[in-house]
Each structure stands twice: as structure tokens, then as C-alpha cells.
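Q: Pasting a structure below so you can have a look.
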Amino acid sequence: MSRILIPQELNGKVDAPSSKSMSQRVLLLSAFLPGHKRIGPISGCDDEIIALGICSSNGMKIIKDGKYYNIYGSFTNPELINVGESGTALRMVLGLLASRRCSCAIETEGKLLERPLKPLIISLESIGCRFSMNGRTLIFDGTNAKYVSEISINGELSSQFTSSILLYMALNPIDEKIIHIEGRINSEGYLNMTADILRKLGLTIKRTGSDIIISGTLNEMNTSFEIEGDYSSASFLIAAGLLLSGKGIEINNLKKESMQPDANILNLLNGLLQYGENSIIAMKKDITSMLEVDVNINPDLAPVIALLGMFSQKGASIKNSDRLSGKESDRKMAIIQIAEAFGSDVTEEDETLYIGPCRDDISPALPISLDHRIVMETILAQSMVSEKFIVHNPESLNKSYPSFIDDLISLGFKEELE
7 MSRILIPQEL
17 NGKVDAPSSK
27 SMSQRVLLLS
37 AFLPGHKRIG
47 PISGCDDEII
57 ALGICSSNGM
67 KIIKDGKYYN
77 IYGSFTNPEL
87 INVGESGTAL
97 RMVLGLLASR
107 RCSCAIETEG
117 KLLERPLKPL
127 IISLESIGCR
137 FSMNGRTLIF
147 DGTNAKYVSE
157 ISINGELSSQ
167 FTSSILLYMA
177 LNPIDEKIIH
187 IEGRINSEGY
197 LNMTADILRK
207 LGLTIKRTGS
217 DIIISGTLNE
227 MNTSFEIEGD
237 YSSASFLIAA
247 GLLLSGKGIE
257 INNLKKESMQ
267 PDANILNLLN
277 GLLQYGENSI
287 IAMKKDITSM
297 LEVDVNINPD
307 LAPVIALLGM
317 FSQKGASIKN
327 SDRLSGKESD
337 RKMAIIQIAE
347 AFGSDVTEED
357 ETLYIGPCRD
367 DISPALPISL
377 DHRIVMETIL
387 AQSMVSEKFI
397 VHNPESLNKS
407 YPSFIDDLIS
417 LGFKEELE
């Protein structure tokens, strides 16, 4: 499947899609806790659908009410759950399964089991969990999992490992618990998001040096939880406004004071944006200084910063860029390929990738990607130089932002129907 887009001036208002980082955590918690929960708005990206499926597998009843979901019932041990290609779902669910002493087959898709998981497995094995593989299925045995007051986890590869252990500890019936974090935490903001969600549900969580101290236990979940608009996805709308909108794009459902790590886009683009009430306004601006992003803090913002750097006066720097190679695709290589195709000079020094301004007199053929964030970067890059272009694999956008192309059309783009 493909779609043909005809770029036009962009103007108007659009709602940011729901934060899948937030919705996944809340939905997965609701899958393991009895009670009545109302959660939304939820845009329905693939990762959110996966989390809702886990709710069903765990015996929960689900009633959809517009963009909100009412989830209720009691937890039952699932024999089989499917996490698709969602790394977040796989990692988070392991800690939750351990907290319920479950045995379960976990179906995955694509190359998910090739992505890093070992530090989390080591930590859960230390409390009695056992793992085995059968093709793309991970067999989890938590029947002998112990409830412990202290546990260690290496946080260097992914903050999701520590978040998973934090979820295990949150449902662990011991009242006072400590997580010892080994090494430096990458993408620490996502761990903070997990902790903030648990605080909203009633736990006391404190950080002391490299330790996390948890007081209390979650036994049920009766709550109405509002999901924020997603800064990771909205960053591409912000870029669209800065590059393609003379009158401005107003992106709604974005809290300026947000728990999301990628709200840092507001700092990275300081002085280039305007603010409404729970909205961001972006319009064409000359970007005269070098843009910078640290992948250890905001890995999902790297494609956007690379894109804006290409069409700026000074380019962009991407610190700790090697970490991008372990995402859904080799994002580091994809970013380099796009930049070089547009004539940007690309250099690297001490794991920092430097992308120079691109040429404005070429319309290159770009490599086809199945990575949702690289597809969005490619769409906007081609919009700057092409009268029309083909979007290959638009269904890949379902991973995080299913309506991205339709939202661009609502803001002014045209589509040529085949």
C-alpha cells in the first residue's frame, strides 16, 4: 500500500495524538489490578491496541466510549498474551507477571526478541522467575517468584528495565521496598513518568542517590486517568509548522508542564514556538543556531532534530547517537542516509553526529523504511523539495501516530488518489 501526497501550505488546528508512553503504562497496570478504570483519550495506535489486548487476556472487560475506555473486572492469570512488536509492552509486562506469580507464553512479532532484554531477565531470575524461548514466543514462569524488599537492576541499556522492576515492586505486598539501580539510567525521564503514574495511584516513591524507595502496595485500581497528548508524535507537527506553515499550526492537547520526557522539545526549540492554553503554535521560522539533542535523554526526538537541522542555517548535533542503532530500526543509519541524500555533510566525533544544512536544489529518492518515526521524517523532508511524492508503507505510522497523514491533509496537504 502507498499514498501520494501533494505538499501545500499548512495552516489550522489539530489535536495531538495520545501519549502512548503514558497510555501503555496505565493500561498495562489496569490489566493486572481489579477495579473500574476510565482511561483516555486514546488514539488507538498499535501499541495501545496491544495493551488493550493484554487487558482482555487478563480477564478484564472493556467498554469503549468515544476515545475513552472503561476497563473493569478481576485479574485472571493469562495463559497467552501477545505483545506484537512493542518493546514497552514486553518489558513492562514481565515485571507485572512476576508480581502476580504468573506462568505465561508471550507471543512477539518481528525482531522484538532480538532487542535488549538481558538485564531485566537477570533481575527477575534473581527472585525466582524462569525464562525460555520457543521461536518468537518467550515462555515466562513466575510461579516461584519471591516477594522481596530489595532488588537490583542495571539501568544503562534502557529505563524500561527499571520501570518494569518498579511495576513489580508496586504490586509486591511488602510495604517498604528498595530498588538498587546499577549504572547510569538512560532516558531517565521515562522512569520518572512511571513513578509519577504510580504516585497518582497512591504510592509514595522517593529517589535517594541510585536507589528508589517505594512505600505502599497497589491492590486495586479505581480511577479516571486522563492521557496527555503525545510530545513525541507532536514534535513532527511542530516541525511541519516551522517548515511549512506561514500562518501557523496550533497543536492542541499539549500541556506545557508535562511529565513526558519529550516535552523537552520546547526547550530544544526555545524561542521558535508560541504557546496557547494547552497548545503549541508553530509557524515558519529561520532557524539560525545549531540544534542539539542527547539520545540518552530524548531518543525519539533525534529524527525531528535531524530534520530541522537539515533545513536550518547551522545544522544539528545528535549526542550519544550510537544508541539509535538499537531502536525499531537502525535509526542512526536511517538519519544519516536521509541527510546525505539531501546533500548534508554528515560527520561524527565521540558518538556525536553532526548534520549540516542540506541543499535546496535536489529532490532525492530516499530509502524505504518501516520505522514510523523515520517515515514521518521522510514525509516532511520530501515535502520541502517535491511537488508530489509517494509515501511507501504508510501503515507503519500505526505504531504511534495512525492519523499523521490525514492530519497533514486536514491542515492543507492534498492527496492524489490512485
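Here the sequence shown is numbered in the numbering used here, starting from 7 and rising by one per residue. Heads up, the beta-carbon is just placed ideally off N, CA and C, and yes, glycines get one too. Because the structure is a prediction, the values reported are computed rather than measured.
(1) Is the stretch 239-253 close to the stretch 215-224, with three or more CB pairs under 8 Å?
(2) How would you call Tyr281, buried or exposed, if buried means at least 16 neighbouring beta carbons within 10 angstroms?
(3) When DSSP labels each residue in this structure, what does Lys19 get in the three-state scheme?
(4) Where Gly65 and Ser193 are concerned, what is the direct C-alpha to C-alpha distance, given to the nearest angstrom?
(5) Determine the direct distance from the alpha carbon of Phe137 to that of Ile127, and round the result to whole angstroms.
(6) So Ser221 and Leu207 are in contact, right, with Cβ under 8 Å, and what is the actual spacing, rounded?
(7) Can you tell me whether DSSP reads Gly315 as helix, strand or coil?
(8) What's the C-alpha gap between Ile415 and Ile396?
(9) Find out if the Cβ-Cβ distance for the pair Lys320, Leu330 is shorter than 9 Å.
(10) Could you please give me the residues that DSSP links to Phe231 through a beta bridge?
(11) Return the bridge partner residues of Gly79 from the DSSP annotation.
(12) Kindly indicate the opening and closing residues of the alpha helix (DSSP H) around Arg107.
(13) Taking Cβ positions, are Gly189 and Gly161 nearer each other than 9 Å?
(14) According to the neighbour-count rule (16 or more other Cβ atoms, all chains shown, within 10 Å of its Cβ), is Arg379 buried or exposed?
(15) By DSSP, does Gln280 sit in helix, in strand, or in coil?
(16) Hey, quick one: how far does the alpha helix (DSSP H) through Met265 stretch, first residue to last?
(17) Using the C-alpha atoms, what's the distance from Leu314 back to Asp351?
(18) For Thr143, tell me which candidate among Glu131, Cys110, Met265, Ser132 has the shortest Cα-Cα distance.
(19) Run the CB neighbour count on Arg365, radius 10 Å, all protein chains shown included, and call it buried at 16 or more, exposed below.
(20) Given this structure, state the Cα-to-Cα distance separating Asn326 from Asn302, to the nearest angstrom.
A: With the structure as the only source:
(1) no
(2) That one is exposed.
(3) strand
(4) 32 Å
(5) 8 Å
(6) The distance from the Cβ of Ser221 to that of Leu207 is about 13 Å, inconsistent with a contact at the 8 Å cut-off.
(7) helix
(8) 14 Å
(9) no
(10) Ile45
(11) Paired residues: Gly41.
(12) Note, Arg107: premise wrong, no alpha helix (DSSP H); not H, not E.
(13) yes
(14) buried
(15) For Gln280, the three-state secondary structure derived from DSSP is strand.
(16) For Met265, there is no enclosing alpha helix (DSSP H), as DSSP marks it with neither H nor E.
(17) Cα-Cα distance, rounded: 14 Å.
(18) Cys110
(19) exposed
(20) 6 Å
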